[in-house]
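For the sequence shown, the working numbering gives the first residue as 29, with consecutive numbering after it. Where a beta carbon is used, it is the ideal one built from N, C-alpha and C, also for glycine. None of the values given here were measured: they were computed from a predicted structure.
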Amino acid sequence: MNETIDIILNRKSVRKFTDTPLSKQQLTTLARAAMAAPTAVNRQPWEIIIVTGQALLKKLGAALPHAKMTAGAAAAFVICGNMERTGEGVERELWIQDCSAASENLLIAVASMGLGAVWTAAFPFEDRMASVRQILGLPEGIVPLNVIPMGYAVAEVRGHDKFDGARLHWEGWKFRDNPQ
């Protein structure tokens with residue numbers, strides 16, 4: 029197995045962090061990795077807010093029901109969609125996939141650097157998006173997809189194998205009761 033596959037298969041969600049700060053260089057490298065994601069028609073509709081200030085991290089942690097760990101993180105990335113950079117009509121919603129790809133790149137990069145992180149949702153929950161908008165002063169047209177707290181893990185978190193061969197289909201959909 030190669031190193032990249034090993035990192036992907038062993039990446040896990042980390043919710044408890046040490047108080048060791050992350051450097052600007054580390055955070056910039058992570059942002060570069062996120063922005064290397066593929067996007068529909070190369071629109072790159074993301075905006076990334078990096079939060080390192082303890083006061084803002086605590087506010088985000090207090091406001092978001094499933095992101096309490098943000099208060100103890102060294103940093104958090106808030107991946108947002110910029111609606112001025114999206115397509116028209118049905119293509120407008122592709123920002124979600126594009127920003128999700130950037131988020132996954134970020135999570136893999138975090139793991140590759142020996143750090144931990146966890147994806148917490150803001151979108152599509154109106155109350156969570158409103159909290160993030162208010163705390164970070166987001167302008168109209170910037171939609172927060174998620175908040176990803178990160179840092180050095182307090183303890184090693186063991187990942188688990190999520191592979192399920194029953195969900196793997198070859199050459200099209202095959203019903204389990206009809207193996208033809």
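Of the other Cβ atoms in all chains shown, 16 or more fall within 10 Å of the Cβ of residue 123; this residue is therefore buried.
Residue 103 places its beta carbon less than 7 Å from that of residue 80. Residue 201 and residue 195 have their C-alpha atoms some 10 Å from each other. Here DSSP, grouped into helix, strand and coil, assigns residue 75 to strand. Short of 7 Å from the beta carbon of residue 64, and not among the five residues preceding or following it, lie these beta carbons of its own chain, in chain order: 133. Looking at the DSSP output, residue 171 shares a beta bridge with 109.
Spatial neighbours of residue 97 in its own chain (CB-CB distance under 6 Å, excluding positions within 5 residues in sequence) are listed in chain order as 43 and 177.
Residue range 52–62 is occupied by the alpha helix (DSSP H) that includes residue 56. Three or more beta-carbon pairs separated by less than 8 Å link the region 143–151 to the region 166–180, which places the two stretches in contact. DSSP lists 181 as the beta-bridge partner residues of residue 45. Here the alpha carbon of residue 109 sits roughly 9 Å from the alpha carbon of residue 76. Rounded to the nearest angstrom, the Cβ distance from residue 101 to residue 159 is 17 Å, too far for a contact under 8 Å. In terms of CA proximity to residue 73, 130 leads the group 130, 186 and 84. Closest in alpha carbon position to residue 61, among 155, 136, 190 and 168, is 136. Ranked by how close their Cα comes to the Cα of residue 88, the residues 46, 179, 30 and 161 have 161 in first place.
Under DSSP, residue 176 shares a beta bridge with 105. Counted as a single uninterrupted DSSP element, the stretch harbouring residue 200 is not any alpha helix (DSSP H), since DSSP gives it neither H nor E.
According to the DSSP assignment, residue 32 belongs to the alpha helix (DSSP H) that extends over 31–38.
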